[in-house]
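Read through the structure below, which is laid out as structure tokens, and then see the notes.
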Amino acid sequence: MRNNSGTTQLLSRMYSNPNHSWKDSSEEGNKFSFILANDYETRQSAYRLANSAFQEMEYVDSTSEYIVDAHDCDEDTFTLLVKNENGESIGTVSLYFDKYKSLPSDEVFCEEMSTLRKNKVRIAEVTRLAIAPRYRQSKTLISRMFNMMYLYAYKIMQFTDLVIEVKEVHAFYYQKLLSFEILGKARSCLRVNGTLANILHIKLSGINKEILDRRDPVKSKSLRKNIYNSAFSQYQENEIIIFFNNNKKPMSKREMAFYDISLDDLILNNEELELVLI
Numbered sequence: 143m144r145n146n147s148g149t150t151q152l153l154s155r156m157y158s159n160p161n162h163s164w165k166d167s168s169e170e171g172n173k174f175s176f177i178l179a180n181d182y183e184t185r186q187s188a189y190r191l192a193n194s195a196f197q198e199m200e201y202v203d204s205t206s207e208y209i210v211d212a213h214d215c216d217e218d219t220f221t222l223l224v225k226n227e228n229g230e231s232i233g234t235v236s237l238y239f240d241k242y243k244s245l246p247s248d249e250v251f252c253e254e255m256s257t258l259r260k261n262k263v264r265i266a267e268v269t270r271l272a273i274a275p276r277y278r279q280s281k282t283l284i285s286r287m288f289n290m291m292y293l294y295a296y297k298i299m300q301f302t303d304l305v306i307e308v309k310e311v312h313a314f315y316y317q318k319l320l321s322f323e324i325l326g327k328a329r330s331c332l333r334v335n336g337t338l339a340n341i342l343h344i345k346l347s348g349i350n351k352e353i354l355d356r357r358d359p360v361k362s363k364s365l366r367k368n369i370y371n372s373a374f375s376q377y378q379e380n381e382i383i384i385f386f387n388n389n390k391k392p393m394s395k396r397e398m399a400f401y402d403i404s405l406d407d408l409i410l411n412n413e414e415l416e417l418v419l420i
């Protein structure tokens with residue numbers, strides 16, 4: 143989709159208010175600002191960063207400008223944007239919620255997703271995860287991003303399960319450091335130019351237990367180290383939940399028109415999926 147410069151300038155003026163952010167620093171000495179993307183400027187930054195990272199890995203066409211989906215129209219969609227101390231966008235991730243029985247993973251892993259739904263779970267999908275090259279080795283950054291997704295999905299939205307599509311070669315990383323499990327076999331994913339991918343799954347209650355056990359001085363001694371060792375404290379969790387609730391704002395109709403997306407697309411996708419499964 144091409145940008146309309148007049149529309150872009152209008153949206154920029156409408157949504158140019160400064161965003162509140164939650165600030166943190168890493169063991170590597172980096173300073174981060176975590177922003178809940180809630181307006182044109184921050185969403186555009188997140189979508190462009192994801193597109194740039196995916197182009198670098200040849201997941202998407204080189205002519206695309208940003209990655210956006212009909213799920214972004216949903217009022218509960220979560221998009222996190224991370225900036226460094228210089229104000230550069232360095233990380234982003236989104237959560238889509240299974241309110242329409244049609245998530246991106248259904249396109250390739252419909253059988254696995256259908257099996258999960260039979261257990262009466264509430265699924266959120268991690269998507270559009272992208273980190274700038276310089277920061278991809280920062281365990282603090284990835285830990286903070288996943289910790290925030292867990293808080294939003296489990297503590298605010300009260301969903302029960304997370305799924306994520308990852309390259310087959312990266313699946314072990316998610317198993318070891320984040321305790322995900324692999325569902326089914328790797329398959330070719332057309333949304334990322336046919337790359338072999340796995341669908342991974344974790345119970346949000348499991349993440350909650352991992353974090354609580356690592357806060358316990360006795361239990362933590364017998365646990366292997368993973369990303370949850372550096373999870374937020376209870377006080378920080380409470381602060382972040384307030385931060386999310388105060389800054390949550392759905393995509394405007396002007397933004398939907400700009401990106402040419404609609405919730406109607408999700409409803410249509412759900413009807414088509416039901417026909418396939420019948």
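Using my numbering, read the sequence shown as starting at 143 and increasing by one per residue. Using N, Cα and C, we set each Cβ at its ideal position, and we do this for glycine too.
Coil, strand or helix - residue i by DSSP
i, result
"tyrosine 242", "coil"
"glycine 233", "strand"
"leucine 153", "Low local confidence applies: a pLDDT of 39 at leucine 153 is under 50, so the model's placement there is unreliable, and no value is given."
"serine 330", "strand"
"asparagine 261", "coil"
"valine 311", "helix"
"glutamate 323", "strand"
"arginine 356", "helix"
"leucine 271", "strand"
"asparagine 368", "coil"
"threonine 282", "helix"
"threonine 337", "strand"
"tyrosine 316", "helix"
"serine 394", "coil"
"isoleucine 298", "helix"
"aspartate 402", "coil"
"serine 247", "coil"
"glutamate 379", "helix"
Beta carbon of residue i nearer than 9 Å to that of residue j
i, j, result
"aspartate 424", "proline 246", "The question about residue 424 has no answer, for the chain in this structure spans 143 to 420."
"leucine 106", "asparagine 335", "Since the displayed the chain opens at 143 and closes at 420, residue 106 lies outside it and no answer follows."
"tyrosine 238", "threonine 269", "yes"
"phenylalanine 322", "alanine 313", "yes"
"leucine 332", "leucine 304", "no"
"alanine 266", "serine 231", "no"
"isoleucine 273", "leucine 222", "no"
"aspartate 214", "isoleucine 403", "yes"
"lysine 241", "arginine 259", "no"
"threonine 302", "valine 263", "yes"
"lysine 309", "leucine 338", "yes"
"glutamine 186", "tyrosine 201", "no"
"phenylalanine 196", "leucine 293", "no"
"isoleucine 353", "leucine 320", "no"
Paired residues, beta bridge with residue i - DSSP
i, result
"isoleucine 384", "Per DSSP, none; premise fails for isoleucine 384."
"serine 175", "Lys165 and Lys225"
"lysine 345", "Asp303"
"phenylalanine 220", "Leu237"
"alanine 266", "Phe239 and Leu304"
Contact belief for residue i with residue j at Cβ below 8 Å, rounded distance in angstroms
i, j, result
"serine 236", "isoleucine 369", "Not quite, the Cβ-Cβ distance comes to about 19 Å (not below 8 Å), so this is no contact."
"leucine 234", "leucine 191", "Sequence inspection shows threonine at residue 234; the leucine mentioned does not correspond to that position. About 5 Å; that satisfies the 8 Å criterion."
"asparagine 350", "tyrosine 296", "6 Å"
"leucine 342", "isoleucine 298", "Not quite, the Cβ-Cβ distance comes to about 22 Å (not below 8 Å), so this is no contact."
Counting Cβ pairs, one atom from each stretch, are 3 or more of them under 8 Å apart for the stretch 267–283 and the stretch 352–364?
-> no
For the 8 Å Cβ check, are there 3 or more pairs between the stretch 225–233 and the stretch 167–176?
-> yes
Inter-stretch contact (C-beta, 8 Å, three-pair minimum) for the stretch 289–299 and the stretch 375–385 = yes
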